[in-house]
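See below for the structure under consideration.
So, in structure tokens, the structure goes:
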């Protein structure tokens, strides 16, 4: 049974990759770029040297954390689109915590800062969970709206109350917070690169999520609520409560991703710090089959894509928005492939079309030759 | 400033704000009435805004220049319908989960419009766009003339679309089919209505209207295009459908409420009442959440099979 599932997942991923690559190639042709050359740059460029690999890993860390959170929520039957806003709230909470307690030793401050980030995200996710569970507000709409609201709060705080006083003095006015105290930084793994211990944190988190979802009662109940709310209710599972728990956890992971970005990479809150990780995390989670074992390689793969897209923007003048197109196409292809491959009738219909069209096409080719 | 002048200013400003979300929400209403929850509306609006801008921009100075704006609107509707059909392929034929697929469509439309714009245009460039058309005589009526009859031609179209879509939904055979496949597809199928075909048609129509709404933003309101021109208005439109309880008149009410709140907020800044700009921008999004929380009882009035793919072969 399990083997079958893995086989099914593998088929989906291969089919999706081929379809997405073909569709995006059309767009690349339309803007006058060579699809093969672009794909080569995107996929091999980032891995050509050690620095490139570490940069890919730096991008994979938030993707992995966000993807894990989204997998929890999707498995529990609540579609969390709000990771982008949850990351930003995590960034703000972590920054505020680090700046409020600058004198603490590292062993105490760093965990507190990371926890604050996770809490910030959890609150933001929890709002959407509560709205869905108690007031039946569609969670997709509410999380999208909370994204826009979080973005404005982020901008407001970085331009107002949390603005670095130095920026006011020098008058440059870059909207960013003060630099965090050194005691709140995540250590570098390889000196001279930006790769930080957040990577280890994220991998540990992946194991924890697996344990939570498949080895604990809480995880079982959340998955049951997601698989069939009605059946779960009959079995005495308070589905609404687990929706809120799932959103708290999903928001918590996104918030943690924000805190890791602040303490590991930027060392201060800046504008655009979430840089689309919240949306990319959805694709990472779906591409990884909503399972930690799949999400780890999936996060690495999308790390390559993000770095590769930056490279093509510089070398082949393909706008970096192209990543969004790729992500959108991948999502559409994944959800289609999943339900198409589960539906023997639809497959049969397609085979019948093919059986009719291919001979006709061959015939016309033969006719043209003779 | 006297209160009646203030009200006049707020109302005059509110009408242009309401046009895009009104057209998009009326289109989304067709989708949802047919049982398909199309969250990709926002992405379709981006594509509509892009083509609506792009066609007059490329045709500028050419032989076709006089028809540029018209072709822009037409192109926006065509690309919207095409995206609607793509969404139909994914959700109706492949029966994919509509919520996630909608987010995929949104990313695709948003990313594609931005990519094409950056490649073909690059920076901020304006177009002449479609100018305001005061209706002769009617626009001279004191108070009402300015509020109702001194707007962009598309604004009049948007308000005419309210009775038109009501008529289409409730007074034509096609409207009955749409409502039937959204409420009880199996019964409709038994009666010989093509469920899939009707859903395809509804999605094409809804997509075309979302495209038109996008073109309004670029051609009539901003007279330019940028990545963040649509700024989530497609999602607001989806929320309006819930708020308006799936009726064109209710959607009109919701759209007006929204745009009055927005123009009030802008007017307050003009009047010198100071509060952070970011909170002003936040207001419509907060309002959506509040409105959705208050509209929860409306659920029972909606199409009962909303969001469920129809599977003809399924036994039960």
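Chains as they are written, first to last, in our numbering: chain G, 1 to 370; chain A, 371 to 686. Glycine included, each C-beta is placed from N, C-alpha and C at the ideal position.
When secondary structure is reduced to three states using DSSP, residue 136 of chain G falls in the coil class, being assigned neither helix nor strand. Residue contact check for residue 158 of chain G against chain A: no CB pair falls below 8 Å. In the displayed model, residue 520 of chain A falls within a strand according to three-state DSSP. Shown here, residue 247 of chain G sits in a helix according to DSSP, grouped into three states. When the five nearest sequence neighbours on each side are left out, the beta carbons in the same chain lying within less than 6 Å of the beta carbon of residue 64 of chain G are those of 202, 299, in order along the chain.
Of the candidates G:88, G:9, G:36, the residue whose Cα lies closest to the Cα of residue 260 of chain G is G:88. By the neighbour-count criterion, in which 16 or more other beta carbons inside 10 Å mark a residue as buried, residue 2 of chain G falls on the exposed side. Here residue 507 of chain A is exposed. Its C-beta has fewer than 16 other C-beta atoms within 10 Å.
Note on geometry: alpha-carbon atoms of residue 337 of chain G and residue 357 of chain G lie some 22 Å from one another.
For the pair residue 225 of chain G and residue 468 of chain A, the Cα-to-Cα distance works out to about 19 Å.
Cβ-Cβ separation between residue 589 of chain A and residue 442 of chain A: approximately 6 Å, consistent with a contact (criterion under 8 Å). Inside the segment 275-305 of chain G, DSSP marks whole alpha helix (DSSP H) runs of 4 or more residues at positions 277-287, from first to last along the chain. Excluding the 5 residues flanking it on each side, residue 674 of chain A has same chain C-beta neighbours closer than 6 Å at 553, in chain order.
When the beta-carbon positions are compared, residue 8 of chain G and residue 290 of chain G stay at least 8 Å from each other.
Boundaries cannot be given for residue 261 of chain G, as no alpha helix (DSSP H) includes it and DSSP labels it neither H nor E. Interface with chain A (8 Å Cβ-Cβ cutoff): residue 244 of chain G is excluded.
Pairing residue 497 of chain A with residue 587 of chain A, the inter-Cα distance amounts to about 12 Å. For the 8 Å CB-CB criterion, residue 600 of chain A and residue 412 of chain A form a contact. Comparing C-alpha distances from residue 426 of chain A to each of A:420, A:439, A:416 shows the shortest one belongs to A:439. No Cβ-Cβ contact shorter than 8 Å links residue 517 of chain A with residue 389 of chain A. For a Cβ distance threshold of 7 Å, residue set 464 of chain A lies close to residue 340 of chain G, ordered along the chain. Here DSSP, grouped into helix, strand and coil, assigns residue 575 of chain A to helix. Separation of the CB atoms of residue 311 of chain G and residue 46 of chain G is rounded to 7 Å, and the pair is thereby assigned contact status at 8 Å.
Going by DSSP, residue 428 of chain A is part of the alpha helix (DSSP H) stretching over 411-429.
The three-state reading of DSSP puts residue 489 of chain A in helix, counting H, G and I together.
Contact annotation: the segment 404-420 of chain A touches the segment 451-464 of chain A, with at least three C-beta pairs closer than 8 Å. As the crow flies, the alpha-carbon of residue 340 of chain G is around 37 Å from that of residue 595 of chain A. Among the residues of the segment 465-476 of chain A, those with a Cβ less than 8 Å away from any Cβ of chain G are 465, 466, 467, 469, 470, 471, 472, 473, 474, 475, 476, in the order of the chain. With respect to the 8 Å criterion, residue 264 of chain G and residue 186 of chain G are classified as neighbours on the basis of their beta carbons. Rounded to whole angstroms, the separation of the alpha carbons of residue 561 of chain A and residue 351 of chain G is 29 Å. Residues of the same chain with a CB within less than 7 Å of the CB of residue 387 of chain A, apart from the 5 flanking positions on each side, are 629, 632, 633 in chain order.
In this structure, the beta-carbon distance from residue 253 of chain G to residue 283 of chain G does not fall below 8 Å. At a C-beta separation below 9 Å, residue 131 of chain G has these neighbours in chain A: 659, 662, 663. Note that the C-beta distance between residue 244 of chain G and residue 124 of chain G is not below 8 Å. Cβ proximity to chain A below 9 Å picks out 81 from the segment 80-113 of chain G.
Put simply, of G:285, G:149, G:308, G:349 the residue whose alpha carbon is nearest the alpha carbon of residue 71 of chain G is G:285.
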